[in-house]
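Visitor: Residue numbers (the numbering used here): 1327 to 1441.
Glycine residues also receive a C-beta, built at the ideal position from the N, C-alpha and C atoms.
Predicted model only: the values in this text are computed from it and were never measured.
1) Rounded to a whole number of angstroms, what is the C-alpha to C-alpha distance between residue 1377 and residue 1362?
2) Curious, which full-length beta strand (DSSP E) runs of at least 3 residues does the segment 1336-1408 contain?
3) Determine the burial state of residue 1370: buried for a count of at least 16 other Cβ atoms within 10 Å of its Cβ, exposed for fewer.
4) Since I believe residue 1404 is in contact with residue 1435 (beta carbons under 8 Å), could you give me their beta-carbon distance rounded to a whole number of angstroms?
5) Roughly how far, in whole angstroms, is the beta-carbon of residue 1439 from the beta-carbon of residue 1340, given that I think they are within contact range, below 8 Å?
6) Would you check if the segment 1419-1428 and the segment 1342-1360 touch, i.e. whether three or more CB-CB distances between them fall below 8 Å?
7) Find the nearest neighbour of residue 1350 within the set 1409, 1402 and 1410, judged by alpha-carbon distance.
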């Protein structure tokens, strides 16, 4: 059973930056995929980033150039650096991992972009 714990959310002004971190209970390089989703009330969970086992990361079109993912094998963390944040980035962000046929989720962390 993989445990994922997010941290780093909060309130930020438009144009600001925020860094989320997802800490995993196991070696993240053993995962088939790992990434971030986000969800707003009344909408489906949306894929934001997905990093495959080869380290290739795909980004949601609207965050390309603003969001960057990085992995730390020593700490077993997946970080999401977000810059030039917009009000439409406001959401609960979830860390996600896939190990073979099983999918794991963190508890979610709120990011609010507002003046």
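Guide: Taking the structure as given:
1) 9 Å
2) 1336-1338, 1344-1350, 1359-1365, 1372-1378, 1383-1385, 1393-1398 and 1403-1408
3) Exposed: under 16 other Cβ atoms inside 10 Å.
4) Not a contact, Cβ separation roughly 13 Å.
5) 6 Å
6) yes
7) Residue 1350 has its Cα closest to that of 1402, out of 1409, 1402 and 1410.
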